[in-house]
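Participant: Numbers in the working numbering are just positions in the sequence shown, counted from 1, shifted up by 361.
Where a beta carbon is used, it is the ideal one built from N, C-alpha and C, also for glycine.
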Amino acid sequence: MAHVFVYGTLKRGQPNHKVMLDRSHGSAVFRGRGCTVESFPLVIAGEHNIPWLLNLPGKGRCVAGEIYEVDEKMLCFLDDFEGCPNMYQRTALQVRVLEWEGARGPGDCVQCFVYSTATYAPEWLHLPYHGCYDSEGPHGLRYNPRESR
Ligand code: PCA
Numbered sequence: 362m363a364h365v366f367v368y369g370t371l372k373r374g375q376p377n378h379k380v381m382l383d384r385s386h387g388s389a390v391f392r393g394r395g396c397t398v399e400s401f402p403l404v405i406a407g408e409h410n411i412p413w414l415l416n417l418p419g420k421g422r423c424v425a426g427e428i429y430e431v432d433e434k435m436l437c438f439l440d441d442f443e444g445c446p447n448m449y450q451r452t453a454l455q456v457r458v459l460e461w462e463g464a465r466g467p468g469d470c471v472q473c474f475v476y477s478t479a480t481y482a483p484e485w486l487h488l489p490y491h492g493c494y495d496s497e498g499p500h501g502l503r504y505n506p507r508e509s510r
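(1) Are there three or more Cβ pairs, one per stretch, closer than 8 Å when the stretch 431–444 is compared with the stretch 363–378?
(2) Would the C-beta of residue 408 count as close to the ligand PCA, meaning under 8 Å from any of its heavy atoms?
(3) Taking 8 Å as the cut-off, is the beta-carbon of residue 411 closer than that to any non-hydrogen atom of the ligand PCA?
(4) Could you tell me the distance, in whole angstroms, from the CA atom of residue 400 to the CA atom of residue 376?
(5) Between the stretch 456–464 and the stretch 412–420, do three or more beta carbon pairs fall short of 8 Å?
(6) Given 8 Å as the limit, tell me if residue 497 has its C-beta closer than that to any heavy atom belonging to the ligand PCA.
(7) Could you give the residue range of the alpha helix (DSSP H) that holds residue 398?
(8) Would you report the Cα separation of residue 473 and residue 363, rounded to the nearest angstrom?
(9) List the endpoints of the continuous alpha helix (DSSP H) containing residue 382.
(10) In this structure, how does DSSP classify residue 412 when only helix, strand and coil are distinguished?
(11) DSSP state of residue 477, grouped into three classes?
(12) If you follow the beta strand (DSSP E) that residue 459 is part of, which residue opens it and which one closes it?
(13) I need the straight-line Cα distance from residue 380 to residue 393, nearest angstrom please.
(14) In three-state DSSP terms, what is residue 433?
Here it is in structure tokens:
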């Protein structure tokens with residue numbers, strides 16, 4: 362079992378959350394909410410308004426998201442779904458737990474996998490940095506789902 366921190370379209374209520382609920386992809390159990398210990402630039406970029414966590418710790422904001430416990434099958438599925446390693450790369454980072462589901466959880470911080478990218482266009486650094494992604498947020502950059510491309 363591994364922990365995955367999701368900050369974009371995989372979160373509850375976001376356009377790709379359904380893939381985490383599909384048992385044919387493996388299992389993903391919601392464990393709680395958290396935010397990254399380090400700050401990162403989270404930008405919405407490209408013609409499909411895709412959220413990207415740029416792998417540049419120390420810049421941007423602490424980013425809020427959800428922590429899931431996933432099995433090996435789901436991890437493999439998510440790697441494929443997120444185009445890892447060409448689009449996103451899966452790396453480990455520390456997440457500060459804000460709310461844990463159930464009675465007992467780990468301490469303040471938990472190490473999680475995250476899909477971020479180190480291969481972005483330099484001009485993305487000039488886009489607005491978000492702290493908490495919502496496809497329908499006031500930024501007006503609604504995610505264009507893969508089915509509609
Ligand atoms: N999906 C992954 C990375 C960005 C995205 O839209 C996530 O939600 O964490």
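Facilitator: Once the coordinates are examined:
(1) yes
(2) no
(3) yes
(4) 24 Å
(5) no
(6) no
(7) No alpha helix (DSSP H) contains residue 398, which DSSP labels as neither H nor E.
(8) 7 Å
(9) 379–382
(10) strand
(11) strand
(12) 450–461
(13) 18 Å
(14) helix
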